[in-house]
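Residue numbers (full-length UniProt numbering): 1 to 87.
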């Protein structure tokens, strides 16, 4: 568990990281560095996006599953959201 904590601290210490949200497989957030309202907003939208992306992957190959999702938005400010599943 200390290794996970060290990794999270290293990621969070980067200047370009705004926040970290840890969610379980049901989409319930377990830990966040953001305020509750923003965490709930991101979690809700990412859960919907993940369901849609997983559906696309399974339509292509029913034996496959979504393991990670990377969303990069480069409008005015650069934003990048990464979601991964750790089994």
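We put the CB at the ideal spot given by N, CA and C, even for glycine.
Small disclaimer: the values here were computed from a predicted structure and weren't measured.
Cβ-based burial, residue i [other Cβ within 10 Å; buried from 16]
i	result
residue 23	buried
residue 39	buried
Closest by C-alpha distance to residue i, when choosing among the options
i	options	result
residue 79	8, 7, 58, 42	42
residue 45	1, 33, 82, 17	82
residue 37	21, 26, 48	21
residue 26	73, 47, 69	47
residue 63	69, 71, 54, 70	54
Sub-8 Å separation of residue i and residue j beta-carbons
i	j	result
residue 7	residue 19	no
residue 56	residue 65	no
residue 11	residue 17	yes
residue 50	residue 67	no
Unbroken stretches of the alpha helix (DSSP H), 4 residues or longer, contained in the UniProt domain "Roadblock/LAMTOR2" (4-76) = 36-60
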